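Here is the structure we will look at, set down as C-alpha cells.
In our numbering, the protein residues as written are 3 to 73.
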C-alpha cells in the first residue's frame, strides 16, 4: 500500500510518500509545495497553488490512501 502524508500550511505544505508491505516501510519521496511567490493577501490564489501541487503529487505517486496532519 502507498501512503501520502500531508503537513498542511498556507505558506509551505509538506508531503511524504511511503510504501507499506506488512511491517516494512519504504521511503518513496518527500517535498514541499510553496506559495511564497503568491501575493500574501490573495488566499484564493494560495489555495489554488496548493490544490494544483497536491494533485500533481497524487498523479505522480498514485497513493492508495492519504492522511493530513491535524492543525
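By construction, the Cβ of each residue, glycine as well, lies at the ideal position given by its N, Cα and C atoms.
Remember, it's a predicted structure, so these values are computed and weren't measured experimentally.
- Query: Which residues does DSSP pair with residue 4 in a beta bridge?
  - Reply: Locating residue 4 in the chain shown gives position 2, where the first residue counts as 1. Looking at the DSSP assignment, residue 4 forms a beta bridge with 21.
| field | residue 13 beta carbon less than 8 angstroms from that of residue 66 | value | Taking the chain shown and counting its residues from 1, the one referred to as residue 66 is at position 64. Taking the chain shown and counting its residues from 1, the one referred to as residue 13 is at position 11. Contact flag unset, no.
Spatial neighbours of residue 69 in its chain, beta-carbon cut-off 8 angstroms, leaving aside the 5 residues before and after
Along the chain shown, read from residue 1 onward, the residue named residue 69 stands at position 67. The beta carbon of residue 69 sits closer than 8 angstroms to those of 5, 6, 7, 8, all from its chain and outside the five residues before and after it, given in chain order.
Review point. What are the boundary residues of the alpha helix (DSSP H) that includes residue 35?
Key: What you label residue 35 is simply residue 33 of the chain shown in a count that begins at 1. It is not in any alpha helix (DSSP H) - residue 35 instead sits in the beta strand (DSSP E) that spans 26-36.
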